[in-house]
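Read the structure below first, then the notes.
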Amino acid sequence: MFRRSLLLALLTAPLFAADPPAEPKVEAPKAAPKVDRISGPYTHANLSLYLLHGADVLPGRKFMTLDEALEQKKIIVHETSEVNQLSVENTSADVEIFIHTGDIVKG
Numbered sequence: 809m810f811r812r813s814l815l816l817a818l819l820t821a822p823l824f825a826a827d828p829p830a831e832p833k834v835e836a837p838k839a840a841p842k843v844d845r846i847s848g849p850y851t852h853a854n855l856s857l858y859l860l861h862g863a864d865v866l867p868g869r870k871f872m873t874l875d876e877a878l879e880q881k882k883i884i885v886h887e888t889s890e891v892n893q894l895s896v897e898n899t900s901a902d903v904e905i906f907i908h909t910g911d912i913v914k915g
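So this is what it looks like as structure tokens:
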């Protein structure tokens, strides 16, 4: 019995003596972009949208919605082995695709 207790103590001691793992360094958030004016609200039912107008915070980058990318064949949609899960491949080198939560892909 003494040997088991001693063995258990010797095996678990390094776990408590070790330093905790280092936490990853988190960068401070950058300042929010300057807003020149606010337009709206644009309201439908229980949803109101306000548009924030200002300088382009991502200059030189082009964006396209999922529907536009599908029409222009800028993406390829692959089925996965999981139900209700798809993989989307962006074949365009100069356009980034915006896929919003709830977008429906038909095909």
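851 is the number that my numbering gives to position 43 of the sequence shown; each next residue is one higher, with no gaps. The C-beta atom is built at its ideal place from N, Cα and C for all residues, glycine as well. It should be emphasised that the depicted structure is a prediction, and the values quoted were computed from it without experimental measurement.
- By the beta-carbon neighbour count (other beta carbons within 10 angstroms, threshold 16), I883 is buried.
- Straight through space, the alpha carbons of K870 and N898 are spaced by roughly 13 Å.
- The alpha-carbon of P849 is positioned some 6 Å away from that of S856.
- Burial is judged here by how many other beta carbons sit within 10 angstroms of a residue's own beta carbon; L878 has at least 16 and is buried.
- Taking the Cα positions, E835 is about 19 Å away from V865.
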